[in-house]
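Student: In the numbering used here, the protein residues as written are 2 to 496.
The structure's right below; bear with me while I get my questions together.
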Amino acid sequence: MKELRRIVICCVIFTKLHECQGANLSFPENFIIGAATASYQIEGAWNVSDKGENVWDWFTHNKPENIADGSTGDVACDSYHKYEEDVQWVKNLGLDFYRFSVSWSRVLPNGFANEVSEDGIQYYKNLTTLLVANGIEPIVTIYHWDHPQILEDLGGWTNELMVEWYTDYARILFEELGPMVKTFITINEPKVYCEQGYNSTTKKAPGKILENMGHYLCVHNTLKAHATAYHLYDDEFRAIQEGQIGIVTPCAGWVPGDNVTEESIERHFQFDCGWIMHPIYVGDYPEIVKTRVAYVSALENYPFSRLPEFSQDWIEYINGTADFFGLNHYTSSMPIFDTAEELGIYTRDSGIIKNTNSSWSAGSSSWLYVLPEGFGNVLRMIRDQYNNPPLYVFENGYSDTGELEDYRRINYYYEYVSEMLTAINDDGCNVVAYTIWSLLDNFEWNAGYTELFGIISVDFNSSNRTRSAKLSTSWWQEVISTRTLQDVPSNGTRR
Ligand code: GBH
C-alpha cells in the first residue's frame, strides 16, 4: 500500500521512468560514502623492518591446508608499499572516507607496548596524513583479526589479560593517530573471529577448537577490551580530539520462508547481533542467550554454563560504550527452530537453523546469497531494539572471481543500497554512512584469493600488483558524484 502510494506520488512529480519505479534512489543530505579494507588482507610486507609475526602470518605459514588455495597475505595487494596509489584511487572515486585497519604487530613488534616500532607507526601516520591532505576522512579500525602471535601463545582472546594488552595498544593509536582521526572502531566482528578462530571447523586464525566455549570466552574478553578502550578514549582523549568511537558487528538478515516465525527471527537475531550489541546498548547478554546456553550446558552435564557471566560492575561498564552502531551486512537466511529438538537432540545452543534455498543467487562465497530485503529487515530490527542509534554500514559487498565486467556486483550494490535508502527514507532508520567492501580485491582469509570483493582489480600474478578499474569502479564514481543510484549497465544480468 505504502509502496503504491509512493509510486503514484513519484510518478506525478517526476517524469523520468526509473524514478517512477518506486525505488529510493537518492542519498540523504550529509550522508557519507566510503570504502573499507583490513591490514592483513591488503598490506603484505609481512616481515619488513621490525614487524612482528601475527596470528595470520603464523596460520597461513603453518596451516596452509586451512586456506582454500594455500595462499598467504605475505604480499597481498602490497599496500604497504603502494598506499599512495591506493589513496589516489579513493580520491578518484570521490569517496568521503576510507576505512582501514592497523596491524598490531607492525606497531608493537612483540605485542606489548614496551616497544613501539618507529617504521610501523610512521606507515600509518603517512597514510592518515595523505588521506587528510586529500580531503578523505580516515576511519581507523584498531583491530581487524591480526593480533600478535606471541599474545596468542599466551592464550589470545581466551586470556582476560588481553583486555589490558589491547587497551595499551589502543592508547598508542589514540596518541599517535588520534589528532588526525575523528572516528575509531575498536574491533571488527568479534563474533566472526571468536567463532571461527576458537570454536569451529571453518578455520580462521588461530584455528583452535576449544570445548565449545572458546568463542564465548573470546567474545566475553573482547567486549571487556572494547569497553575499556572506549572509556580510555572518553576519559583521556575525547575532549581534545573531539572524535567518536564504537565497535562493528555483522548482523545477518532473514527473509520469509516455511516455519520462519517472529519467534525464530527474534532468537536468530539475539544469538547473532544481540550477543555483541545487547551488552553495549541494553546491558548484559540477551536473556534468551543466557537461558539457552545454560540449559544446553546443563543437558551436557557441565556444572556451569559455557557462557561466562558478567559481574554487575562489568555490565554497567560495558553498557553505553558506543557512539554509533557499526554494522557489517552481506546476506540473509530463513532462520527456523531446529526440529531435531522435538526428538530431544540438542545440537546448537541457539536451537536455530539457517535455512537456504538452492534457487537463490549467490556470489563466489557459498554463504553470500543476494537477498536485499533481508538488509532492510536488519536495519528496522536495529532501529526497534536499540532505540534507532546512528548507524554506520561499515561493510557491504559481493564476491566473484575477479572479472572486470562485474555486472553482478553492480546489481548487488544497486539492490542493497536501494533497500537501505528505503529503510532510511520510508522507515526512518538512522543510517548515516555506507561503506563498500572492498576498495581492492584482496586476501579473503581462509578463502585465500578465490573470493574477490574489490571494486578495483588487483593482478596478484604481477610483481607490482597492478590495480585496474572494474565496471563497478566507474559505476560507483557516478553514484558518488551524483549521490544517486545509477541504472545497472544494460548488458548486465539482473536477478
Ligand atoms: C567480513 O566479515 C570481514 O570483516 C572482512 O574482513 C571480509 O573480507 C568480508 O567480510 C568478506 O567475507 O560460516 O563459512 O558460512 C563478513 C561476515 C560472517 C561472512 C560469517 C561469512 C559465514 C561464513 N562473515 N559468514 S561460513
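Virtual Cβ for every residue (Gly too), placed ideally from N, Cα, C.
Could you tell me the alpha carbon to alpha carbon distance between P336 and Q487, rounded to whole angstroms?
Tutor: The straight-line gap from Cα to Cα measures roughly 33 Å.
Student: Is the region 184–203 touching the region 110–130, taking contact as three or more C-beta pairs under 8 Å?
Tutor: No contact exists between the region 184–203 and the region 110–130.
Student: Taking Cβ to Cβ, would you say S463 is nearer than 8 Å to K471?
Tutor: No, these two residues do not count as a Cβ contact at 8 Å.
Student: Of all the beta strand (DSSP E) runs that stay within the bounds of the region 328–396, which reach a length of 3 or more residues?
Tutor: Counting only runs of 3 or more, we get 333–338, 353–356, 392–396.
Student: Could you pull out every residue in the same chain whose Cβ sits closer than 7 Å to the Cβ of G68, ignoring the five residues on either side in sequence?
Tutor: One detail in the question is off: residue 68 reads as Ile in this sequence, not Gly. Correct list, in chain order: T61, N447, G449.
Student: Would you be able to state if there are at least three C-beta pairs under 8 Å between the region 148–159 and the region 254–271?
Tutor: Contact between the region 254–271 and the region 148–159 is absent, because fewer than three Cβ pairs lie under 8 Å.
Student: For Y144, collect the residues of the same chain with a Cβ closer than 6 Å to its Cβ; drop the 5 residues on either side in sequence, then sort them by chain order.
Tutor: The answer, listed in chain order, is I188.
Student: I believe Q478 touches L94 by the beta-carbon criterion, under 8 Å. Please report the beta-carbon distance rounded to the nearest angstrom.
Tutor: Right, the Cβ-Cβ distance comes to about 5 Å (below 8 Å), so this counts as a contact.
Student: Mind pulling the beta strand (DSSP E) runs of 3 or more residues that sit fully within the region 124–210?
Tutor: Qualifying beta strand (DSSP E) stretches, in chain order: 138–144, 184–189.
Student: So for E4, helix, strand or coil by DSSP?
Tutor: With a pLDDT of 44 at E4, under the threshold of 50, the modelled position of this residue cannot be trusted; read the value that follows with caution. In this structure, E4 counts as helix in the three-state DSSP scheme.
Student: Can you give me the Cβ contacts of N426 inside the same chain, cut-off strictly under 8 Å, excluding the 5 residues immediately before and after it?
Tutor: Closer than 8 Å at Cβ, skipping near neighbours: N25, P29.
Student: Using CA coordinates, which residue listed in W476, I481, R466 is at the minimum distance from A46?
Tutor: Selected option, being the one with the closest Cα: R466.
Student: Take V379 as the anchor and find which of E116, Y417, G74 has the nearest alpha-carbon.
Tutor: The shortest Cα separation from V379 among E116, Y417, G74 belongs to Y417.
Student: Are there 16 or more other CB atoms within 10 angstroms of the CB of G429, so buried, or fewer, so exposed?
Tutor: G429 comes out exposed.
Student: If you run the structure through DSSP and keep just helix, strand and coil, what is Q245?
Tutor: Of the three classes helix, strand and coil, the one that applies to Q245 here is strand, per DSSP.
Student: Helix, strand or coil: which one does DSSP assign to S298?
Tutor: Here S298 sits in helix by DSSP.
Student: Of all the options R484, S106, D350, P490, which has the alpha carbon lying nearest to the alpha carbon of N31?
Tutor: Checked all of R484, S106, D350, P490; the closest Cα to N31 is R484.
Student: Which of the three DSSP states, helix, strand or coil, is assigned to A470?
Tutor: The answer is strand: DSSP assigns A470 an E or B state.
Student: What does the Cβ neighbour count give for L162, buried or exposed, with the cut at 16 atoms within 10 Å?
Tutor: It counts as exposed.
Student: Could you check whether the Cβ of V193 sits closer than 7 Å to any heavy atom belonging to the ligand GBH?
Tutor: True, at least one ligand heavy atom lies under 7 Å from that Cβ.
Student: The beta strand (DSSP E) with S458 in it runs from where to where?
Tutor: Where S458 is concerned, the enclosing beta strand (DSSP E) stretches over 457–459.
Student: Per DSSP, which residues does D401 bridge with? Please list them.
Tutor: Answer is L453, bridged to D401.
Student: If you compare alpha carbons, which of R107, N389, N115 is closest to Y125?
Tutor: When only C-alpha atoms are compared, the closest one is R107.
Student: Can you name the start and end residues of the alpha helix (DSSP H) that R107 belongs to?
Tutor: Where R107 is concerned, the enclosing alpha helix (DSSP H) stretches over 105–108.
Student: Could you work out which residue in Y167, P139, E138 is closest to H148 when comparing CA atoms only?
Tutor: Nearest option by C-alpha distance: Y167.
Student: Just to check, is the beta-carbon of Q42 closer than 7 Å to a non-hydrogen atom of the ligand GBH?
Tutor: At least one heavy atom of the ligand GBH is nearer than 7 Å to the Cβ of Q42, so yes.
Student: Does the Cβ of F305 have 16 or more other Cβ atoms within 10 Å, making it buried, or fewer, making it exposed?
Tutor: Classification of F305: exposed, given that the 10 Å Cβ count is below 16.
Student: Exposed or buried, S439, counting other C-beta atoms within 10 Å across all chains shown (16 or more means buried)?
Tutor: Flag for S439 reads buried.
Student: Cutting at 6 Å between CB atoms, please list the residues of its own chain near Y435, excluding the five before and the five after it.
Tutor: Excluding positions up to five away in sequence, the list reads I34, V394.
Student: How do the region 205–218 and the region 296–314 stand: do at least 3 beta-carbon pairs fall below 8 Å, yes or no?
Tutor: Enough Cβ pairs lie closer than 8 Å, so yes.
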